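Engineer:
Encoded structure:
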């Protein structure tokens, strides 16, 4: 795990990375409760930022009882659990749909928001599904 943490030598850069890490950590935690706000993606960004600024925070995130397993699984290439994918895609589609129908009148903003939502859905669906990846790895281990 030592090679995963490459703390910047610059005190200023470490401070910027750490400050942004806390912002994205807060967004990730908020994303757990607010539909449409991506929790896992923000936690992954925070993890990367802490890998550049604070080995202690990096390790804390990976050891966290609430979201640590999910981060460790993602880092191990196991992807995103099916349940989280369903919640994420449903939240994105709902938030974009409600926003474009009820809150945004400008056609270009609507198109931009829809495109942004499609990128989010694509990102979530293009990640491996944890349950499928675990089964694939178990099958590969038994055949070799």
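In my numbering, the protein residues as written are 22 to 165.
By construction, the Cβ of each residue, glycine as well, lies at the ideal position given by its N, Cα and C atoms.
Nothing here was measured: the structure is a model prediction, and the numbers come from that model.
(1) Is residue 53 helix, strand or coil by DSSP?
(2) Would residue 1 and residue 42 qualify as a contact pair, given that the criterion is a beta-carbon distance under 8 Å?
(3) DSSP puts residue 101 in a beta bridge; with which residues?
(4) Do residue 46 and residue 52 have their beta-carbon atoms positioned less than 8 Å apart in this structure?
(5) Any heavy atom of the ligand SAM closer than 7 Å to the CB of residue 62?
(6) Return the residue from the list 34, 40, 147, 163 that minimises the CA-CA distance to residue 103.
(7) Would you tell me roughly how many angstroms separate the C-alpha atoms of residue 128 and residue 117, rounded to the nearest one?
(8) Whole angstroms are fine: how far does the CA of residue 37 sit from the CA of residue 29?
(9) Classify residue 22: buried if its beta carbon has 16 or more other beta carbons within 10 angstroms, exposed otherwise.
Structural biologist: Concretely, from the data shown:
(1) To locate residue 53, count along the chain shown from 1; it is residue 32. Residue 53 falls in the coil class under three-state DSSP.
(2) Given that the chain is displayed from residue 22 to residue 165, the structure contains no residue 1 and the question cannot be resolved.
(3) Translated into the one-based positions of the chain shown, residue 101 becomes position 80. DSSP output for residue 101 lists 150 as bridge partner(s).
(4) Residue numbering aside, residue 52 sits at position 31 when the chain shown is read from its first letter. Residue numbering aside, residue 46 sits at position 25 when the chain shown is read from its first letter. Not a contact, by the Cβ cut-off of 8 Å.
(5) In the structure on display, the ligand SAM does not appear, and there are no ligands present to speak of.
(6) Taking the first residue of the chain shown as position 1, residue 103 is located at position 82. Nearest C-alpha to residue 103: 147.
(7) Start at 1 with the first residue of the chain shown, and residue 128 comes out as number 107. Start at 1 with the first residue of the chain shown, and residue 117 comes out as number 96. Distance between the alpha carbons of residue 128 and residue 117 is about 14 Å.
(8) Counting from one through the chain shown, the residue named residue 29 turns up at place 8. Counting from one through the chain shown, the residue named residue 37 turns up at place 16. One C-alpha to the other measures close to 10 Å.
(9) Your numbering for residue 22 matches position 1 in the chain shown. Here the model assigns residue 22 a pLDDT of 45, short of 50, so the residue's position is not dependable, and the following value carries that caveat. By the neighbour-count rule (16 or more Cβ atoms within 10 Å), residue 22 is not buried but exposed.
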